[in-house]
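Enquirer: Residue numbers (the working numbering): 7 to 239. Please see the structure below; I have some questions.
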């Protein structure tokens, strides 16, 4: 039987968003800069809630090592000298869209679905399962996504390595290598009972589904100007 870690990885990879057509097109340089910026606008709204989920879980977890990890992660994201959300708006602005429009932008149905699911996760599930959904089902995906699109940002879109405009993607390759490993270690350490392991695997499965649907909305909006493929009346 596969180890618990391998089961978590397999569950995540069954529906990994790196395989979405949107990222395939981005990696090939077939998206316009404005289309990639539309992704970042929705990512801004998703990540804004994700940070609040971490803050909430930090108030619920009784273990110092887990609290420390959550606060360290939050500290990196919310560094007042260079907030990760500000990195996203810098990229949006560099792509020709107004940075002031990011917070006021329409939140797509898939993004809203992911946000709402995340709040139910942290409020209704044991913290061990909630962290599995967050760290493994959601956060650990972004490392592979960045590895896929960062070369394209240099090769196809003209940004030099280390450019301020693309630091959000470049820095997450390095940061998420560390965060991802520690996230897996925490879930393995505290999901010791079969029941908790089952709940953690289900949280990862649900997270990948919600993120896949989130990407569906972005794909349809960025490429076709529609919220999704629902026929217009």
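C-beta atoms are modelled at their ideal positions from N, C-alpha and C, and glycine is treated no differently.
Where residue 24 and residue 151 are concerned, what is the direct C-alpha to C-alpha distance, given to the nearest angstrom?
Expert: One-based indexing of the chain shown puts residue 24 at position 18. One-based indexing of the chain shown puts residue 151 at position 145. If I take the Cα positions, the gap works out to 5 Å.
Enquirer: Excluding the 5 residues flanking residue 77 on each side, which residues of the same chain have their C-beta closer than 8 Å to its C-beta?
Expert: Here residue 77 is taken as the residue at index 71 of the chain shown, counted from 1. Correct list, in chain order: 64.
Enquirer: In chain order, which alpha helix (DSSP H) runs of at least 4 residues are fully inside the region 97-121?
Expert: Whole alpha helix (DSSP H) segments, 4+ residues: zero.
Enquirer: Please classify residue 53: does DSSP put it in a helix, a strand, or coil?
Expert: As a first step, residue 53 must be located in the chain shown, where it is residue number 47. It is helical.
Enquirer: So, are the CB atoms of residue 176 and residue 156 less than 8 Å apart?
Expert: Here residue 176 refers to the residue found at position 170 when the chain shown is read from its first residue. Here residue 156 refers to the residue found at position 150 when the chain shown is read from its first residue. Yes. Within cutoff.
Enquirer: Determine whether the beta carbon atoms of residue 212 and residue 121 lie at a separation below 8 Å.
Expert: The sequence position of residue 212 within the chain shown is 206, counting from 1. The sequence position of residue 121 within the chain shown is 115, counting from 1. No. Outside cutoff.
Enquirer: Going by beta carbon distance, what residues of the same chain come within less than 8 Å of residue 125, once the five residues before and after it are set aside?
Expert: Along the chain shown, one-based indexing puts residue 125 at 119. Once the five neighbours on either side are set aside, the close Cβ partners of residue 125 are 55 and 59.
Enquirer: Tell me where the alpha helix (DSSP H) around residue 22 begins and ends.
Expert: For the purposes of this step, residue 22 is taken as the residue at position 16 of the chain shown. No alpha helix (DSSP H) holds residue 22; DSSP gives it neither H nor E.
Enquirer: Within a Cβ cutoff of 6 Å, which residues of the same chain sit near residue 220, ignoring the five residues on either side of it in sequence?
Expert: Sequence index remark: in the chain shown, residue 220 carries index 214 (1-based). Taken in chain order, the residues that qualify are 116, 117 and 120.
Enquirer: Hey, out of 61, 196 and 208, whose CA is closest to residue 82's CA?
Expert: By one-based count along the chain shown, residue 82 stands at place 76. It is 61 whose Cα lies nearest to the Cα of residue 82.
Enquirer: Quick one: residues in its chain with C-beta nearer than 7 Å to the C-beta of residue 108, no 5 flanking neighbours on either side, listed in chain order?
Expert: On the chain shown, position 102 is the one that residue 108 refers to. 47, 50, 95 and 98.
Enquirer: For residue 196, count neighbouring Cβ atoms within 10 angstroms of its own Cβ and tell me buried if that reaches 16, exposed if not.
Expert: As a first step, residue 196 must be located in the chain shown, where it is residue number 190. Buried.
Enquirer: Which complete alpha helix (DSSP H) runs does the region 184-234 hold, if anything under 4 residues is left out?
Expert: You should have 200-230.
Enquirer: Can you find the residues in the same chain that come closer than 8 Å, C-beta to C-beta, to residue 215, ignoring five residues on each side of it along the sequence?
Expert: For the purposes of this step, residue 215 is identified with residue 209 of the chain shown, where counting begins at 1. So the qualifying residues of the chain are 21.
Enquirer: Considering Cα atoms alone, identify which of 180, 206, 161 and 113 is closest to residue 18.
Expert: Here residue 18 is taken as the residue at index 12 of the chain shown, counted from 1. Residue 18 has its Cα closest to that of 206, out of 180, 206, 161 and 113.
Enquirer: Thinking C-alpha only, which one of 165, 102, 57 and 7 is nearest residue 85?
Expert: Residue numbering aside, residue 85 sits at position 79 when the chain shown is read from its first letter. Residue 85 has its Cα closest to that of 57, out of 165, 102, 57 and 7.
Enquirer: Going by the beta-carbon positions, is the gap between residue 101 and residue 198 smaller than 8 Å?
Expert: Here the question's residue 101 lines up with position 95 in the chain shown. Here the question's residue 198 lines up with position 192 in the chain shown. No, the pair does not count as a contact, with Cβ atoms beyond the cut-off.
Enquirer: In whole angstroms, what is the alpha-carbon distance linking residue 233 and residue 225?
Expert: The count along the chain shown starts at 1 and reaches residue 233 at position 227. The count along the chain shown starts at 1 and reaches residue 225 at position 219. Straight-line Cα distance between these residues: approximately 9 Å.
Enquirer: Rounded to the nearest angstrom, what separates residue 103 and residue 112 at their Cα positions?
Expert: The residue you call residue 103 lines up with position 97 of the chain shown. The residue you call residue 112 lines up with position 106 of the chain shown. Cα to Cα, the separation comes out at about 14 Å.
Enquirer: Report the rounded CA-to-CA distance for residue 165 versus residue 147, giving the unit in angstroms.
Expert: In the chain shown, residue 165 corresponds to position 159, counting from 1. In the chain shown, residue 147 corresponds to position 141, counting from 1. So the two alpha carbons sit approximately 23 Å from each other.
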